[in-house]
Amino acid sequence: MKRKIVNKKIQELDKYLKQLRKYEGICADELKNDLDKMWIVERGLQLSIQLILDIGNHILADKGISVDKYADIFIKLGENNIIPKKFAENIKGMAGFRNILVHEYAEIDVEIIANVLNNSLDDFKKFAEHINNYLENK
162 MKRKIVNKKI QELDKYLKQL RKYEGICADE LKNDLDKMWI VERGLQLSIQ LILDIGNHIL
222 ADKGISVDKY ADIFIKLGEN NIIPKKFAEN IKGMAGFRNI LVHEYAEIDV EIIANVLNNS
282 LDDFKKFAEH INNYLENK
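Residue numbers (the numbering used here): 162 to 299.
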C-alpha cells in the first residue's frame, strides 16, 4: 500500500473538515435560504465522504479484498480490524448519504444535510484516527 496516498487523502480530509466546521451550528432553514452555504456544505460533505471511501477501498485493495458496494467498504474495514466493528456499523450509512448527494441532488432533504453537518463531522476525524492507528501498527 502506498501510505503516501493515504496520508495525502487524510490531509485533504482534514482541510475539508476545517472548512465544514465553519458552518457547524447552521440549521436546515438557514441552508434552505442561503444557496451558497447549501452548496458549500453539500460539496464539502460529498468530498469528505468520498475521501474516507477512497481511503478504505485503497487499504482493502492492498489486502486483496474487493467490495461491490460503497457501504461494504466500512463493513469490510471492521471485519478486518482496520477500524472498530461498532464504528464501522455507525458510519456505514455515510455511503448511502454520499449516493444521495451525488445522484439525487434535486430531492435532498436539507434536514439530513444539517443533521450530518452538526452531528457527524467528528466521525470523519475518528475515521482518520483509526486509519492512522492501523497504519502505525501495521
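Heads up, the beta-carbon is just placed ideally off N, CA and C, and yes, glycines get one too.
When the options are compared against residue i, the one with the closest alpha-carbon
i: arginine 182; options: Asp270, Asn242, Asn218, Gly205; result: Gly205
i: phenylalanine 285; options: Glu240, Phe235, Val271; result: Phe235
i: glutamine 207; options: Ile243, Leu178, Lys230, Ser227; result: Leu178
i: glutamine 211; options: Asp223, Glu173, Ser227, Asp190; result: Glu173
i: valine 167; options: Asp215, Glu191, Leu192; result: Asp215
i: glutamate 272; options: Lys176, Ile171, Lys193; result: Lys193
i: aspartate 283; options: Asn241, Lys198, Ser209; result: Ser209
i: tyrosine 184; options: Ser281, Val263, Lys299, Glu297; result: Ser281
Residue i, enclosing alpha helix (DSSP H) - first and last residue
i: asparagine 251; result: 246-252
i: asparagine 279; result: 271-280
i: glutamate 268; result: That residue, glutamate 268, is in no alpha helix (DSSP H); it is neither H nor E in DSSP.
i: glutamate 240; result: 231-240
Residue i, buried or exposed, once every other Cβ within 10 Å from all chains shown has been counted against 16
i: valine 202; result: buried
i: leucine 262; result: buried
Alpha-carbon spacing of residue i relative to residue j, whole angstroms
i: lysine 287; j: tyrosine 295; result: 12 Å
i: arginine 164; j: isoleucine 274; result: 31 Å
i: asparagine 293; j: isoleucine 171; result: 9 Å
i: leucine 238; j: alanine 222; result: 11 Å
i: glycine 257; j: histidine 291; result: 21 Å
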